[in-house]
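If you read the sequence shown in the UniProt record's numbering, its first letter stands for residue 1, the second for the next number, and so on. By construction, the Cβ of each residue, glycine as well, lies at the ideal position given by its N, Cα and C atoms. Structure first, commentary second.
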Amino acid sequence: MTILNQQLRSEVIALYKQLVYLGRDYPAGYTNFFRPKLKAAFMKKRDLVDEAEIRKSIAFGNYIIKELEAMYYLKKYRTLRARYTVPEEDAHIALQKALESQRI
């Protein structure tokens, strides 16, 4: 194995490990959905020998990592927003009560 092949192989393995780690919190499920899809995607590309194609696939994997991170941040933001904001109807009722209490 040449040095270049070893380097690419280690990059692919690191990418796989990082995706496995990020997939634990995937909304559709880790064991039933994410991990089989991830394994199938990597097995589909296992016969690549061209360096450019391998680097292109690694770049796509890094793009997927960024998308997963963005999805997790959005999920966290939506959860926090739902937990700590008052729905519009409740805010409207609270405003009416405050205005009525000032009239008295």
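**Cβ shell of threonine 2 (< 8 Å), same chain only, five flanking positions each side left out** = The count along the sequence shown starts at 1 and reaches residue 2 at position 2. Here threonine 2 has no same chain residue with a Cβ atom under 8 Å from its own Cβ, once five neighbours each way along the sequence are excluded.
**Request:** Return the residue from the list Leu15, Arg103, Arg24 and Asn5 that minimises the CA-CA distance to isoleucine 58.
**Result:** Along the sequence shown, one-based indexing puts residue 58 at 58. It is Leu15.
**Message:** For tyrosine 72 and asparagine 5, I'd like the C-alpha separation in whole angstroms.
**Reply:** Position 72 of the sequence shown, counting from 1, holds the residue named residue 72. Position 5 of the sequence shown, counting from 1, holds the residue named residue 5. Straight-line Cα distance between these residues: approximately 33 Å.
**Limits of the unbroken alpha helix (DSSP H) element including arginine 78** = The sequence position of residue 78 within the sequence shown is 78, counting from 1. Residues 51-84.
**Message:** Pop quiz: glycine 23 and arginine 35 are said to be a contact at Cβ under 8 Å. What is the actual Cβ separation, rounded to whole angstroms?
**Reply:** Translated into the one-based positions of the sequence shown, residue 23 becomes position 23. Translated into the one-based positions of the sequence shown, residue 35 becomes position 35. The pair is a contact, with the Cβ atoms about 6 Å apart (cut-off 8 Å).
**Asked** Looking at the structure shown, is arginine 46 part of a helix, part of a strand, or coil, going by DSSP?
**Response** Residue numbering aside, residue 46 sits at position 46 when the sequence shown is read from its first letter. If DSSP states are grouped into helix, strand and coil, arginine 46 belongs with coil.
**Message:** For the alpha helix (DSSP H) containing tyrosine 16, name the first residue and the last one.
**Reply:** The residue you call residue 16 lines up with position 16 of the sequence shown. Here the alpha helix (DSSP H) through tyrosine 16 covers 3-22.
**Item:** Residues of its chain near leucine 74, where Cβ-Cβ distance is below 7 Å and the 5 sequence neighbours each way are ignored
**Value:** Counted from its first residue, the sequence shown places residue 74 at position 74. Closer than 7 Å at Cβ, skipping near neighbours: no residue.
**Asked** Over what stretch of residues does the alpha helix (DSSP H) that includes alanine 98 continue unbroken?
**Response** Residue 98 sits at position 98 when you count from the first residue of the sequence shown. Residues 88-103.
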